[in-house]
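**Student:** Residues 81 to 339, numbered by this note's numbering, are exactly what the sequence shown covers, in order.
All C-beta atoms, glycine included, are put in the ideal place defined by N, C-alpha and C.
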Amino acid sequence: MKLNERSLAFYATCDSPADNAGFLYKRGERHTAYHRRWFVLKGNMLFYFEERDSREPVGVIVLEGCNVELCDSAEGFAFAIRFGGTKSRTYVLAAESQAAMESWVKSLSRASFDYMRLVVRELEKQLQEMRQGVAGGCGGTQEPPGPWKPKPSGLEQSWERLPALPAIQPKENGCAVWNNVLGEEQAPNTSGCGGHDEEENPRPPPLPPRRRVSNGEAVSAGAAVAESPSTFCRLHEQYSREVARLRQDWQQRQRGPQP
Numbered sequence: 081m082k083l084n085e086r087s088l089a090f091y092a093t094c095d096s097p098a099d100n101a102g103f104l105y106k107r108g109e110r111h112t113a114y115h116r117r118w119f120v121l122k123g124n125m126l127f128y129f130e131e132r133d134s135r136e137p138v139g140v141i142v143l144e145g146c147n148v149e150l151c152d153s154a155e156g157f158a159f160a161i162r163f164g165g166t167k168s169r170t171y172v173l174a175a176e177s178q179a180a181m182e183s184w185v186k187s188l189s190r191a192s193f194d195y196m197r198l199v200v201r202e203l204e205k206q207l208q209e210m211r212q213g214v215a216g217g218c219g220g221t222q223e224p225p226g227p228w229k230p231k232p233s234g235l236e237q238s239w240e241r242l243p244a245l246p247a248i249q250p251k252e253n254g255c256a257v258w259n260n261v262l263g264e265e266q267a268p269n270t271s272g273c274g275g276h277d278e279e280e281n282p283r284p285p286p287l288p289p290r291r292r293v294s295n296g297e298a299v300s301a302g303a304a305v306a307e308s309p310s311t312f313c314r315l316h317e318q319y320s321r322e323v324a325r326l327r328q329d330w331q332q333r334q335r336g337p338q339p
């Protein structure tokens, strides 16, 4: 990446947040006198200005391949930025208080990309150890979680606690069976749908037919009945015999097995 004075000046004075900012005393390279400068730390670049309201920085220090350490100096709270190599310059700075010096040393030590790379590697290592610890604590045979099942609501639980309803008895001969008692069977009706049963309970009236026939079907059915008047008699005798047989079977079940 190519950098020039204009791009560096824009980056130093733009509205991007700074990692640290404040006044420090900087020792000159040729003269050992200290000059008060306004320093701004952004990423791995340390900018310094003559005044806080200056539009352009006086210089910049790229914090790569350097060490930040305390040093002995005439000024109190001094520290140095040392680079590797015989011809590299050492920057000596001094803060106005112990707290400011510790804050700057900590910020400058963590500004390089080498430090960030080490932090990322350490975090990845810790994450891997945590995953291995979780797998080992579960015996190494941790099964994948099953599908999520919602808990039954109060209404569903109340329905589950209700007793089973008695089975509805089938209709016989087109009549609905009334007075059903749980666990008790009733004899089929052989005397039609009107009147009373053996226990003097009123029988319901016959149900109307559910199927509606069209006019054409009614005419054809009437013609067929007119042509064969004995059809109804044969059907009546056939169903009467079937009802009588069912009633006889029911009476035998009520009496129980004979010795």
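For the segment 177-186 against the segment 196-204, are there 3 or more C-beta pairs whose distance is under 8 Å?
**Tutor:** No: fewer than three Cβ pairs fall under 8 Å.
**Student:** Is the Cβ of Asp194 closer than 8 Å to any Cβ of chain C?
**Tutor:** You won't find chain C in this structure, because it holds only one protein chain.
**Student:** Roughly how many angstroms lie between the CA atoms of Gly165 and Tyr171, to the nearest whole one?
**Tutor:** About 14 Å.
**Student:** Just to confirm, are Phe163 and Leu150 a CB contact at a threshold of 8 Å?
**Tutor:** Going by C-beta atoms, Phe163 is not nearer than 8 Å to Leu150.
**Student:** Identify, in the order they occur along the chain, each residue of the same chain with its Cβ nearer than 6 Å to the Cβ of Lys106, setting aside the five sequence neighbours on each side.
**Tutor:** Only His115, Arg117 and Leu173 meet the Cβ criterion.
**Student:** In this structure, does DSSP put Gly216 in helix, strand or coil?
**Tutor:** Looking at Gly216 - three-state DSSP - the assignment turns out to be helix.
**Student:** Going by DSSP, what residue range makes up the beta strand (DSSP E) through Ala160?
**Tutor:** Unbroken beta strand (DSSP E) run through Ala160: Ala158 to Phe163.
**Student:** Give me the Cβ distance between Phe119 and Ala92, rounded to the nearest whole Å; I'm assuming they're in contact under 8 Å.
**Tutor:** About 11 Å separates the two Cβ atoms, so there is no contact after all.
**Student:** Taking Ala101 as the reference, give the member of Arg211, Gln208 and Ala175 with the closest Cα.
**Tutor:** Of the listed residues, the one whose Cα sits closest to Ala101 is Ala175.
**Student:** Thinking Val140 and Glu130 are a contact (beta carbons under 8 Å), I'd like their distance in whole angstroms, please.
**Tutor:** Contact flag wrong, Cβ pair sits at about 14 Å.
**Student:** Give the single residue among Gly108, Phe103 and His111 whose Cα lies nearest to the Cα of Arg132.
**Tutor:** For the residues Gly108, Phe103 and His111, the minimum Cα distance to Arg132 belongs to Phe103.
**Student:** Rounded to whole angstroms, what's the CA-CA distance from Tyr195 to Gly216? Just pull it up for me.
**Tutor:** Distance between the alpha carbons of Tyr195 and Gly216 is about 32 Å.
**Student:** Quick check on the burial criterion: 16 or more other C-beta atoms within 10 angstroms. Buried or exposed for Met125?
**Tutor:** So Met125 ends up on the buried side.
**Student:** For Val120, does the three-state DSSP call read helix, strand or coil?
**Tutor:** Looking at Val120 - three-state DSSP - the assignment turns out to be strand.
**Student:** Below 7 Å CB to CB, which residues in the same chain sit around Val148 once its five sequence neighbours on both sides are set aside?
**Tutor:** Answer for Val148: Phe159, Ile161, Val185, Leu188 and Ser189, listed in chain order.
**Student:** When the Cα atoms are used, what is the spatial distance from Ser87 to Ser192?
**Tutor:** Each residue's alpha carbon lies about 20 Å from the other.
**Student:** Can you tell me which of the three DSSP states Lys186 falls into?
**Tutor:** If DSSP states are grouped into helix, strand and coil, Lys186 belongs with the helices.
**Student:** Assuming Arg169 and Glu109 form a contact by the criterion Cβ under 8 Å, report the distance between their Cβ atoms to the nearest whole angstrom.
**Tutor:** Indeed they touch by this definition, with Cβ atoms about 7 Å apart.
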